[in-house]
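Q: Before I ask anything, here is the structure I am working with.
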Amino acid sequence: MTPEREERLRYVLNNRQPNLTIVLENVFDPHNISAVMRTCDAVGVQEIHVLNTRIPRHKKWGTKSSSSAAKWLTVHQYSDVKDCYSALRNKYEKIFTTFLGHDSMSLYEIDFTQSVALVFGNEHEGVSEEIRNLADGNFIIPQVGIIRSLNISVACAVTLYEAFRQKKLVGHYDNRSISSEHYQSLFTKWSINNDD
Numbered sequence: 004m005t006p007e008r009e010e011r012l013r014y015v016l017n018n019r020q021p022n023l024t025i026v027l028e029n030v031f032d033p034h035n036i037s038a039v040m041r042t043c044d045a046v047g048v049q050e051i052h053v054l055n056t057r058i059p060r061h062k063k064w065g066t067k068s069s070s071s072a073a074k075w076l077t078v079h080q081y082s083d084v085k086d087c088y089s090a091l092r093n094k095y096e097k098i099f100t101t102f103l104g105h106d107s108m109s110l111y112e113i114d115f116t117q118s119v120a121l122v123f124g125n126e127h128e129g130v131s132e133e134i135r136n137l138a139d140g141n142f143i144i145p146q147v148g149i150i151r152s153l154n155i156s157v158a159c160a161v162t163l164y165e166a167f168r169q170k171k172l173v174g175h176y177d178n179r180s181i182s183s184e185h186y187q188s189l190f191t192k193w194s195i196n197n198d199d
């Protein structure tokens, strides 16, 4: 490995944010999942959770060029809601779902300086009622247009960049957040990846 490559890997690892994650519930299109993964990587989200209770387990994420982000992330797949939520509750303080409801808060009201899991639903029906009932609250991305929804990958990108903004302001990217053990494990794994 070249010194430049090592420096890049260490820079990325030093900016990973273990207290922020994305959950995708029954998202059908692997290209949407792949696009979400790219954004996760871009803002330092290491872990992503894919919950499939109504569709088969995903085996691939989009095209080769767009799925490369998966190699740099830790992807957890679940077929059971309880297993997924148990894993989330063990690691994150709050779980919020995207849902256009009367009690939903604005994205800009979420405190992303705390430990947060964000759940996005599938392309047709959004987050299921079962998942919403298990969460700590719902949020919306404020909009002023006639069509009141965004493509899931766009919605996720908007949300994650608000999280990035808040976390950057309070210095979450100034010091390494992941444990030394996790850092070394990922560095070892990434060292054998030759693709960018």
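Heads up: take any position in the sequence shown, counting from 1, add 3, and you land on our numbering. Positions of the beta carbon are idealized from the N, C-alpha and C atoms, including for glycine.
Comparing C-alpha positions only, which one of 191, 166, 5 sits nearest to residue 112?
A: 166
Q: Can you tell me where the beta strand (DSSP E) holding residue 23 begins and where it ends?
A: 23 to 28
Q: Alpha carbon to alpha carbon, how far is residue 6 from residue 13?
A: 11 Å
Q: To which residues does DSSP link residue 96 through a beta bridge?
A: BP columns for residue 96 are empty, so no partner.
Q: Please determine if the region 73 to 84 and the region 103 to 120 are in contact, where contact requires at least 3 C-beta pairs separated by less than 8 Å.
A: no
Q: Am I right that residue 119 and residue 142 are in contact with their C-beta atoms under 8 Å? What's the rounded C-beta distance?
A: Wrong, their Cβ atoms sit about 10 Å apart, outside the cutoff.
Q: Exposed or buried, residue 136, counting other C-beta atoms within 10 Å across all chains shown (16 or more means buried)?
A: exposed
Q: Starting from the C-beta of residue 44, find all residues in its chain whose C-beta is less than 7 Å away, skip the five residues before and the five after it, and write them out in chain order.
A: 72, 75, 76
Q: Taking buried to mean at least 16 other C-beta atoms within 10 Å of its own C-beta, is residue 131 buried or exposed?
A: buried
Q: Going by DSSP in three states, residue 164 sits in which element: helix, strand or coil?
A: DSSP places residue 164 in helix when its eight states are reduced to three.
Q: Three or more C-beta pairs under 8 Å: does that hold for the region 36 to 53 against the region 149 to 159?
A: With three or more CB-CB distances shorter than 8 Å, the region 36 to 53 counts as touching the region 149 to 159.
Q: Which same chain residues end up closer than 7 Å to residue 85 when comparing Cβ atoms and leaving out the 5 residues on each side of it in sequence?
A: none
Q: So residue 127 and residue 87 are supposed to be a Cβ contact under 8 Å. How far apart are they, rounded?
A: Not quite, the Cβ-Cβ distance comes to about 20 Å (not below 8 Å), so this is no contact.
Q: Rounded to the nearest angstrom, what separates residue 173 and residue 153 at their Cα positions?
A: Distance between the alpha carbons of residue 173 and residue 153: 28 Å.
Q: By Cβ distance below 7 Å, which residues in the same chain neighbour residue 133 in space, the five residues on each side in sequence not counted?
A: Within its own chain, the residues whose Cβ lies closer than 7 Å to the Cβ of residue 133, once the five positions on either side in sequence are excluded, are 84, listed in chain order.
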